[in-house]
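To start, the structure itself, in structure tokens.
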Amino acid sequence: MLNFEELKSFLDEKADRYNNPDFIDHDPIQIPHRFSLKQDIEIAGFLAATISWGNRKSIINSAEKMLAVMGNSPYDFVLNHSAKDLESLQGKSIHRTFNGEDFAYFITQFRRIYTENESLENLFLIKDQETSFLHAIERFRGGFLQAEKHRSHKHVSSPYKNSSAKRIIMFLRWMVRKDKRGVDFGIWENIDQKNLSIPLDVHTGNISRKLELIQRTQNDWKTVEELDTAIRQFDEHDPAKYDFALFGLGVTKELL
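So the sequence shown is numbered by numbering that gives the first Met the number 0: it starts at 0 and just counts up by one.
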């Protein structure tokens, strides 16, 4: 295995290779990249991230279906949709288990949130002494989801239930990370990117184990924290850039 400096150099090189605009063309992040208005980027990004499981081409196609329903103006649709607009979504297939009822529920919640907030960032703010999004995600869940049980709650993961919350963590990377590479947006001004984590799924988990960054076999929140500890040693100010490295290694199958 590589020593610390060799591993850091290896991961830096991989991150640098994939953190460029070419990455956008085949990734769900292309969906929010179609917009310039902050709220459009947030809504399109959150919806695209929410359905980000499975084949990336299929994810993008499903996200495009949602954009079409919203007239390719997510923020305007959220604020000005009618009850009839939402009724027309009932029974529609969107993406796997995320259906028209879920989509309508998200739209309703977005309107309530944006009536009270200029940005979704307000629901993800990290408090003093917090070093990750563990509690912020739960505060967001409390603000976004209504107390009454609804089938759509399952689409917003809870780290308090030991979920890796991969899709929310990915969305947060998109919104928070600031660099000049043109992939992540960095449009949120009040959250420090040092608190970001790596979106943990089967692929990033397996690569991280091969590199001996983590030991746990489950892909859960405890493993997210274990990976935080390891990856922040390489760059404590921008740990999430290594998501590009782990993604790249997964795509190229270089370590298989």
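Note that beta-carbon positions come from the ideal geometry of N, C-alpha and C, so glycine has one too.
Runs of beta strand (DSSP E) wholly within the stretch 53 to 131 (minimum 3 residues, chain order): Counting whole runs of 3 or more residues, the stretch 53 to 131 contains the beta strand (DSSP E) stretches 92 to 94.
Integer Cβ distance of residue 142 from residue 168, believed to fall under 8 angstroms: For the purposes of this step, residue 142 is taken as the residue at position 143 of the sequence shown. For the purposes of this step, residue 168 is taken as the residue at position 169 of the sequence shown. Taking the Cβ atoms as the reference, residue 142 lies roughly 18 angstroms from residue 168, outside the contact range of under 8 angstroms.
Where do the ends of the alpha helix (DSSP H) carrying residue 174 lie? The residue labelled residue 174 in the question sits at position 175 within the sequence shown. Run containing residue 174: 165 to 175, per the alpha helix (DSSP H) assignment.
Out of 234, 157, 245 and 119, point me to the one whose CA is closest to residue 3's CA. Taking the sequence shown and counting its residues from 1, one reaches residue 3 at position 4. Among 234, 157, 245 and 119, the Cα nearest to that of residue 3 is on 234.
Round the Cβ separation of residue 94 and residue 50 to the nearest angstrom and send it over; I've been treating them as touching at under 8 angstroms. Looking up residue 94 in the sequence shown gives position 95. Looking up residue 50 in the sequence shown gives position 51. Right, their Cβ atoms sit about 4 angstroms apart.
What would DSSP say about residue 21, mapped onto helix, strand or coil? For the purposes of this step, residue 21 is identified with residue 22 of the sequence shown, where counting begins at 1. Looking at residue 21 - three-state DSSP - the assignment turns out to be helix.
Between the CA atoms of residue 208 and residue 0 - distance to the nearest angstrom: As a working note, residue 0 is residue 1 in the sequence shown. As a working note, residue 208 is residue 209 in the sequence shown. Spanning the two alpha carbons is a distance of roughly 12 angstroms.
Please state the DSSP three-state secondary structure of residue 183. Counting from 1 along the sequence shown, the entry for residue 183 is found at position 184. Here residue 183 sits in coil by DSSP.
Are the C-beta atoms of residue 50 and some chain D residue less than 7 angstroms apart? Here there is only one protein chain, and chain D is not present.
Going by Cα to Cα distance, which pick from 82, 186, 109 and 83 is closest to residue 34? For the purposes of this step, residue 34 is taken as residue 35 along the sequence shown, with counting starting at 1. Of 82, 186, 109 and 83, the residue nearest in Cα terms is 186.
Boundaries (first-last residue) of the alpha helix (DSSP H) holding residue 241: In the sequence shown, the residue the question calls residue 241 occupies position 242. For residue 241, the uninterrupted alpha helix (DSSP H) run begins and ends at 241 to 251, by DSSP.
Of all the options 39, 197 and 53, which has the alpha carbon lying nearest to the alpha carbon of residue 73? As a first step, residue 73 must be located in the sequence shown, where it is residue number 74. Among 39, 197 and 53, the Cα nearest to that of residue 73 is on 39.
Report yes if the CB atom of residue 190 is closer than 7 angstroms to the CB atom of residue 201, and no otherwise. Numbered from its first residue, the sequence shown carries residue 190 at position 191. Numbered from its first residue, the sequence shown carries residue 201 at position 202. Cβ atoms of residue 190 and residue 201: not closer than 7 angstroms.
Is the separation between the beta-carbon of residue 13 and that of residue 239 shorter than 7 angstroms? Translated into positions along the sequence shown, residue 13 becomes position 14. Translated into positions along the sequence shown, residue 239 becomes position 240. No, the Cβ-Cβ distance between residue 13 and residue 239 is not below 7 angstroms.
In the DSSP assignment, what are the bridge partners of residue 219? Within the sequence shown, numbered from 1, the residue matching residue 219 stands at position 220. Per DSSP, 162.
State the DSSP-derived secondary structure class of residue 188, mapped to helix, strand or coil. Residue numbering aside, residue 188 sits at position 189 when the sequence shown is read from its first letter. Here residue 188 carries a coil assignment [DSSP, helix/strand/coil].
Applying the 10 Å Cβ sphere with the 16-neighbour rule, what's the burial state of residue 43? Position 44 of the sequence shown, counted from the first residue, corresponds to residue 43. Residue 43 should be labelled buried.
For the alpha helix (DSSP H) that residue 193 lies in, which residues bound it at each end? Looking up residue 193 in the sequence shown gives position 194. Element bounds for residue 193: n/a, residue is neither H nor E.
Is residue 51 helix, strand or coil by DSSP? Locating residue 51 in the sequence shown gives position 52, counting from the first residue. Here residue 51 sits in coil by DSSP.
How many angstroms separate the CA atom of residue 107 from the CA atom of residue 77? Taking the first residue of the sequence shown as position 1, residue 107 is located at position 108. Taking the first residue of the sequence shown as position 1, residue 77 is located at position 78. Rounded to whole angstroms, residue 107 to residue 77 spans 7 angstroms at the Cα level.
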